[in-house]
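Numbering (the working numbering), first residue to last: 65 to 500. Note that beta-carbon positions come from the ideal geometry of N, C-alpha and C, so glycine has one too. Below is one structure, written out as structure tokens, with a few remarks after it.
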Ligand code: S3P
């Protein structure tokens, strides 16, 4: 895979900005899916319209859920939308397969939601998604009595035979919000209480939105419990900014001396703040202030450049910063002292093998990053610059771009278009903070 190659030159001076980033991808997926099984219309305000969430909307339309532009947004299907919920029993399998594109969240969460639908739902995706393991959702869905077929037992296409899931108590072998959400969404259709046990909590957007929609969701010790067959209704979901997108700009500001940046109206859910906490622990000058609004805390976050030092990050902290590990590795190249990040095995099964990709990218640009089993060891050192191949992975494309700003000679990113999977307008945002 190649695509457009873009050069990111070293920043000519401090970065400055007071801006917003695109809306949260995880919350947008959930607003569309939970909206789909509400028993009336749900207005979704400020959803993220990027490749991944467009895949979710397209799949939902195909299973019988109308999603229309909200009043006042004209024919623009990239703005606010009304999801015309069909209730828990209204999902119907179409002819042919459902295309989740590049999006693991679309495929894994929909598999749970559709477990209570009518007919056989075949979920498929692009070449990257076809290489990602689905046994993690096949196993619990089978435990709930649902017939599921997957290629070679684990890979898309995945066929979910809609039926009547039974409630389970399930402890996923890996920390994964996608697996937890799949089980909870299937549990919506089951009589009785479905429970997911997590040793380390993963992002909890599904639980928050289900509770807001009227479901009985509780945290009981290390288990999230859900009472099945609720009547769900939501008037409106407002989607705040995506902290995982903000993290790219925050990293750029933390690396370019003299920079200062504020990001407004960001989702500041504690299960998503691990990266900012780790940056602070490295000596980064970053602060945030959240006010709870509806189901999700929202607020502003500011960062100012400051000298950094290395840290050791324990495995149990990884779920709260799983998508930001590449950025921590980049920050570590500029820190005084070595950084070791533990418990990164899950990175091997993201949109690319991100553990290998991080080491290849950092080393290819002149730094030192080594994989040791499931850990990554990064030694400090200036990045010379060079070529980064995104390999179809949006976060690797944006990592290369940010690395360019703090390198000596700049970075060429091959396959920059991948950024549109989660952060439409990324290049413009980077230009904006350089021009301010
Ligand atoms: C997501 C959960 C995480 C994350 C992904 C989005 C979600 O995946 O990496 O980008 O919205 O639930 P896992 O649950 O597989 O760790």
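Sequence-distant residues of its chain with Cβ nearer than 7 Å to residue i (five each side left out)
i: residue 397; result: 426, 431, 442, 444, 445 and 447
i: residue 284; result: none
Distance cut-off 7 Å: residue i Cβ against heavy atoms of ligand 1
i: residue 242; result: yes
i: residue 349; result: no
i: residue 458; result: no
i: residue 376; result: no
i: residue 410; result: yes
i: residue 267; result: yes
i: residue 416; result: no
i: residue 286; result: no
i: residue 387; result: yes
i: residue 165; result: no
i: residue 169; result: yes
i: residue 253; result: no
i: residue 103; result: no
i: residue 225; result: no
Three-state class that DSSP yields for residue i in the structure shown
i: residue 487; result: coil
i: residue 246; result: helix
i: residue 403; result: strand
i: residue 83; result: strand
i: residue 336; result: helix
i: residue 356; result: strand
i: residue 504; result: Nothing can be reported for residue 504: it is not among the residues displayed for the chain, which extend from 65 to 500.
i: residue 437; result: coil
i: residue 199; result: helix
i: residue 120; result: helix
i: residue 92; result: helix
i: residue 230; result: coil
i: residue 142; result: coil
i: residue 384; result: helix
Where the alpha helix (DSSP H) through residue i begins and ends
i: residue 191; result: 191-194
i: residue 444; result: It is not in any alpha helix (DSSP H) - residue 444 carries neither H nor E in the DSSP assignment.
i: residue 274; result: 269-276
i: residue 389; result: 389-397
i: residue 482; result: Looking at the DSSP string, residue 482 is not in any alpha helix (DSSP H), and its letter there is neither H nor E.
i: residue 458; result: 458-469
i: residue 313; result: 307-319
i: residue 423; result: 418-428
i: residue 302; result: Residue 302 -> not in any alpha helix (DSSP H); beta strand (DSSP E) instead, spanning 300-302.
Residues near residue i in its chain [Cβ-Cβ closer than 6 Å; skip 5 each side]
i: residue 70; result: 477 and 480
i: residue 379; result: 406 and 407
i: residue 366; result: 326 and 351
i: residue 24; result: Residue coverage of the chain in this structure runs from 65 to 500, which leaves residue 24 outside it and unanswerable.
i: residue 112; result: 86, 87, 89 and 92
i: residue 354; result: 332, 361 and 363
i: residue 384; result: 335 and 338
Opening and closing residue of the beta strand (DSSP E) in which residue i lies
i: residue 450; result: 450-453
i: residue 331; result: 324-331
i: residue 287; result: 287-291
i: residue 215; result: 211-215
Contacts around residue i, its chain only, beta-carbon distance under 8 Å, and the 5 residues preceding and following it disregarded
i: residue 78; result: 320, 321, 322, 323, 324 and 369
i: residue 253; result: 152, 179, 180, 228, 229, 292 and 293
Item to check | Stretch-stretch touch, CB-based, cutoff 8 Å, three pairs: the region 75-87 with the region 453-461 | outcome: no
Item to check | Contact between the region 118-132 and the region 169-183 (3+ Cβ pairs under 8 Å) | outcome: yes
Checklist entry - Touch check for the region 289-307 and the region 367-381: three-plus C-beta pairs under 8 Å? => result no
Checklist entry - Is the number of C-beta pairs between the region 232-248 and the region 276-293 that are closer than 8 Å three or more? => result yes
Checklist entry - For the region 308-318 against the region 115-123, are there 3 or more C-beta pairs whose distance is under 8 Å? => result no
Next on the checklist: Any contact between the region 189-196 and the region 257-273? By contact I mean 3 or more CB pairs, one from each, below 8 Å.
Outcome noted: no
Item to check | Touch test, the region 94-110 against the region 145-158, Cβ-Cβ under 8 Å, three pairs minimum | outcome: yes
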